[in-house]
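Down below is the structure, laid out as structure tokens.
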Amino acid sequence: MSQADTPVAVTAMLTARPGSEARAAQLIAGIVAATQRHAGMLRYEAQQQLDAPRNFTFIEQWTSREALDAHLATPELLAFREAAAEVFEGPSDVRLWRLVK
Numbered sequence: 077m078s079q080a081d082t083p084v085a086v087t088a089m090l091t092a093r094p095g096s097e098a099r100a101a102q103l104i105a106g107i108v109a110a111t112q113r114h115a116g117m118l119r120y121e122a123q124q125q126l127d128a129p130r131n132f133t134f135i136e137q138w139t140s141r142e143a144l145d146a147h148l149a150t151p152e153l154l155a156f157r158e159a160a161a162e163v164f165e166g167p168s169d170v171r172l173w174r175l176v177k
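Under the working numbering, the first residue of the sequence shown is numbered 77, with each subsequent residue one higher.
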């Protein structure tokens, strides 16, 4: 299996600015809904930490790195990133993963 055919998983952790939790959840819900239509998406969801509600984590799985890269270039993700700059603080912690077999 070439790297182009290798599934890739992503975790992305973001922290909302104090008082911005509701707006953060709204933005995240919108991008999760929009991403359900993206080619190559196997799983795309977001979680909010129970004991620290400013913290959000995306959990994603894509059919390939190419599918992920295409998702990253979509107009809706670019708009999310622009809006997120006002709602989240600090850099996000994004990690790419591969399945261990």
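Even for Gly, the Cβ is constructed at its ideal location relative to N, Cα and C. A quick note: this is a predicted structure, and the numbers were derived from the prediction, not measured.
Nonlocal neighbours in the same chain, by C-beta distance under 8 Å from residue i, ignoring five residues either side
{"i": "W138", "result": "P83, V84, A85, V86, G116, M117, L118, L144 and H147"}
Residue i versus the options, residue with shortest Cα-Cα distance
{"i": "G95", "options": "E121, P151 and A128", "result": "A128"}
{"i": "I107", "options": "A159, Q125, R141 and D81", "result": "A159"}
{"i": "T91", "options": "E121, A110, Q125 and A109", "result": "Q125"}
{"i": "A155", "options": "S140, L103 and N131", "result": "L103"}
{"i": "E152", "options": "S140, R171, A109 and L172", "result": "A109"}
{"i": "R171", "options": "A105, A149 and I135", "result": "I135"}
DSSP bridge partner residues for residue i (one or two, in chain order)
{"i": "L90", "result": "F132"}
{"i": "Q102", "result": "Note: Q102 sits in no beta bridge, so no partner."}
{"i": "Q124", "result": "F132"}
Euclidean distance between Cα positions of residue i and residue j
{"i": "G166", "j": "R113", "result": "29 Å"}
{"i": "V163", "j": "R99", "result": "7 Å"}
Chain B within 9 Å of residue i, Cβ atoms only
{"i": "I135", "result": "Included in the structure is just one protein chain, with no chain B present."}
Chain-order list of residues whose beta-carbon lies under 7 Å from that of residue i (same chain, five-residue window excluded)
{"i": "T111", "result": "M117, Y120 and H147"}
6 Å CB neighbourhood of residue i in its chain, flanking five on each side removed
{"i": "D169", "result": "M89"}
Check: residue i C-beta below 8 Å from any heavy atom of the ligand MN
{"i": "A115", "result": "Summarising the ligand content, the structure contains no ligands, and the ligand MN is consequently not present."}
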